[in-house]
Amino acid sequence: MYLLPNEIELHELKGQQINQICIGPYDAQIVFEKGVVVQCFQKLEGEVEGRRKLWFNDKWIDTSDVLKATKQEVISIVRESDVVFKIELTGDVALYFHTEESPYESINIRRPNGSLDII
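With positions in the sequence shown counted from 1, the corresponding number in the numbering used here is that position plus 17.
Below, the structure is given as structure tokens:
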């Protein structure tokens, strides 16, 4: 829907583990231990041990490494470009969330207090 803001407001995720990765027919949801949920509708890539793979692109492409992200702790959140941000995790794992300029939302970020960020 939108390009990424200059500052990704996910600092509270640092040190938190991924508790759950939900696989739906049209989305991926990453649930962190204190209740933040990052929902991806567009494109999600995973990197495990230096190998980056497309996991989701409007549908699930490859789920072989998805479970390697659970129980990993967030090290950092990096805005790589106007359309990609990366969540670096322990265990040599990273998640890449993609957005684009379009009339459709690409990423929803739900917080435990009920607020919702739509990108």
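We put the CB at the ideal spot given by N, CA and C, even for glycine. No experiment lies behind these values; they were computed from the predicted model shown.
- With respect to the C-alpha of His-115, the residue from Ile-136, Pro-129, Ser-93 and Ile-47 having the closest C-alpha is Ile-136.
- In this structure, Ile-47 sits near Ile-35, with a CB-CB distance shorter than 8 Å.
- Rounded to whole angstroms, the separation of the alpha carbons of Arg-96 and Gly-67 is 19 Å.
- The C-beta of Gly-52 has fewer than 16 other C-beta atoms within 10 Å across all chains shown, which makes the residue exposed.
- In this structure, the alpha-carbon of Gln-89 lies about 13 Å from that of Asp-82.
- Around the beta-carbon of Ser-123, 16 or more other beta-carbon atoms lie within 10 Å, marking it buried.
- Across the set Asp-75, Asp-99 and Arg-127, the C-alpha of Asp-75 shows the shortest separation from the C-alpha of Gly-41.
- When rounded, the separation of the alpha-carbon atoms in Asn-130 and Leu-71 is 31 Å.
- Burial is judged here by how many other beta carbons sit within 10 angstroms of a residue's own beta carbon; Ile-78 has fewer than 16 and is exposed.
- Rounded to whole angstroms, the separation of the alpha carbons of Gly-32 and Leu-106 is 9 Å.
- In the DSSP assignment, Gln-89 falls outside any beta strand (DSSP E) and carries neither an H nor an E.
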